[in-house]
Amino acid sequence: ELKLKTDFTAMLVHDLGNPLNSIVSYSDRLKEAPKKENIEKTTEIISKSAGTMLELIHDMLDISKFEAGKMELFKEKESLEMVVNDTVVLITPLLQKRDLELILDFKSLPSIKFDSLRIKQVVHNLISNAIKFSPKGSKILVEIEQESNELITKVIDKGPGIPKEELSNLFKAFKTTSLKPINGEKGTGLGVAISKKIIESHNGKIG
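Under my numbering, think of the first position of the sequence shown as 1, with each following residue one higher.
Okay, here's the thing in structure tokens:
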């Protein structure tokens, strides 16, 4: 347990330290009264770095709540297809930026009980990951089908796939694979770890 806490602290310092260093560095540049176009670029980097830190903090709070058994779920009868469609609207600008086409393949589905905010978080994480590893101009397919009493959602992309020997680390917090995202982004592994906990808290399976 002590080693786990030490590893967690080291990861925390590292993953929050990088964007914080960017904020400090680029804030110093603003003091040098640069040209207007440089101000816009600098403030954009500061904003992005701060957003990265905030997202990481939220993810760590979620992990902590799940580990402590304190994550509350508010389940109501909802439409899974509506949750996917709402997520796609939010993520469309990123798709356009990477010249990716998202294809939705599902028919009318029964309403089921789930926490829509949390399931939306899972869908967002999975599609975001597909975007990170998809070659420019390729397609991402989101497919939902009903098999007996289960709804099965698949996110399929044209990325390189995950090496079999690394699959066991896929859903562990702060564990990442050797694959490098197309645009060089770095991840913490928290997104998929949280997704696993959310799905399992709904008595579902993810893989």
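The beta-carbon is built from N, C-alpha and C at its ideal position, and this holds for glycine as well.
Here the structure is a predicted model, which means the values were calculated and not measured.
Query                                                                                                                                                                    : Result
Quick check: the Cα distance between residue 114 and residue 124, rounded to an integer number of angstroms?                                                             : 16 Å
In chain order, what residues of the same chain have a beta carbon less than 6 Å from the beta carbon of residue 101, not counting five sequence neighbours either side? : 139
Any idea which residues DSSP pairs residue 155 with across the strands?                                                                                                  : 142
May I ask you to report which of helix, strand or coil DSSP gives residue 190?                                                                                           : helix
Can you say whether residue 133 is buried or exposed, counting buried as having 16 or more other CB atoms within 10 angstroms of its CB?                                 : buried
Do you know whose CA, among 103, 44, 89, 207, lies nearest residue 164's CA?                                                                                             : 207
Classify residue 237: buried if its beta carbon has 16 or more other beta carbons within 10 angstroms, exposed otherwise.                                                : It is not possible to answer for residue 237, since the shown part of the chain is limited to 1 through 207.
Tell me which residue opens and which closes the beta strand (DSSP E) that residue 133 is part of.                                                                       : Premise fails: residue 133 lies in the alpha helix (DSSP H), 116-133, not in any beta strand (DSSP E).
Per the DSSP calculation, residue 103 is bridged to which residue(s)?                                                                                                    : 141
Have a look at 190, 73, 48 and flag the residue whose alpha-carbon is nearest the alpha-carbon of residue 117.                                                           : 73
Roughly how many angstroms lie between the CA atoms of residue 16 and residue 149, to the nearest whole one?                                                             : 42 Å
Can you look up residue 81 in the DSSP assignment and give me helix, strand or coil?                                                                                     : helix
Please return the same chain residues whose Cβ sits closer than 6 Å to the Cβ of residue 197, not counting the five positions on each side in sequence.                  : 66
Going by DSSP in three states, residue 31 sits in which element: helix, strand or coil?                                                                                  : coil
Considering only their Cβ atoms, is the gap separating residue 109 from residue 80 smaller than 9 Å?                                                                     : yes
Once DSSP output is grouped into helix, strand and coil, what is the label at residue 72?                                                                                : coil
At the level of alpha carbons, what is the spacing between residue 22 and residue 31?                                                                                    : 15 Å
Chain D beta carbons: is any one of them nearer than 9 Å to that of residue 131?                                                                                         : Of the protein chains in the structure, only one exists, and it is not chain D.
Taking the straight line between their C-alpha atoms, what separation do you get for residue 161 and residue 178?                                                        : 11 Å
Buried or exposed: where does residue 104 fall if 16 or more other Cβ atoms within 10 Å of its Cβ makes it buried?                                                       : exposed
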